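A.B. asks:
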Amino acid sequence: MNEIKRIAGIIQSIGFECTRCGTCCSAVEPDSNLVMVTPAEIREIMEGSGFSWQEIAKPYPEKISHGADHTYTLGWCIHRIDGNCVFLENSGCRIYQNRPWICRTYPFVLDGDIVRTYPCPGLGREISHKDAMAIAKNLRDRKVAEETDEAKIRAVLQNEKIPPGIFVVIDGEGIHPVPR
């Protein structure tokens, strides 16, 4: 709990209040609003919204070639239409209650033990201790979830063979062929 209090103190000193401008959900520059999601997050969105996996997520756009006949990417990201998050609606989020970790903690991120921020018009505004604690807890939980997912992806890469000739997504649950 001391770690969460420390992070919350930093968040309070920076200050933040969401202005509902929608900038974080819109492409200000290429991939500025790219939201990585784990399979567990995708399923949570599916359960809370009724959207299908294909409506929610797509393969992360960076393709990695390994050898002459193996192409893959590491993970999933929220689907975007014309550069905007598919869930952005009138500067609000259609899946707010089930939004991914990145969205719950934006504009903050933990870089090791350092709290960093992304540009956001809501920075510098007063934030309550309760709200700072909630963001701090989400940041800590996000860091743990990301570290766990990264370890699972490493295990998949070490223990499974990437099939030749098809593009696949490698995530913490395995290797998934991507239909053309």
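Numbering (my numbering), first residue to last: 3 to 182. C-beta: ideal position from N, C-alpha, C; glycine also. Everything numeric in this text was worked out from a predicted model, so none of it was measured.
(1) In terms of alpha-carbon separation, which member of L141, R96, N35, G124 lies closest to G114?
(2) Please state the DSSP three-state secondary structure of P2.
(3) Leaving out five residues before and five after G17 in sequence, what residues of the same chain have Cβ atoms less than 7 Å from its Cβ?
(4) Express the C-alpha separation of G94 and P102 in angstroms, rounding to a whole number.
(5) For K65, which residues of its own chain have a beta-carbon under 6 Å away from its beta-carbon, when the five flanking residues on both sides are left out?
(6) Give the C-beta separation of G69 and V171 to the nearest angstrom, bearing in mind that I take them to be a contact with Cβ-Cβ under 8 Å.
(7) Would you report the Cα separation of H131 and C122, rounded to the nearest angstrom?
(8) Under the three-state reduction of DSSP, which class applies to P61: helix, strand or coil?
(9) Given C20, which residues of its chain have a CB within under 8 Å of its CB, disregarding the five upstream and five downstream residues?
(10) Using DSSP bridges, identify the partner residues of D113.
C.D. replies: In this structure, then:
(1) L141
(2) Look at the range of the chain in this structure, 3 to 182, and you will see that residue 2 is not part of it.
(3) L125, G126, R127, E128, I129
(4) 14 Å
(5) T73, T75
(6) Not a contact, Cβ separation roughly 18 Å.
(7) 20 Å
(8) strand
(9) G124
(10) I116
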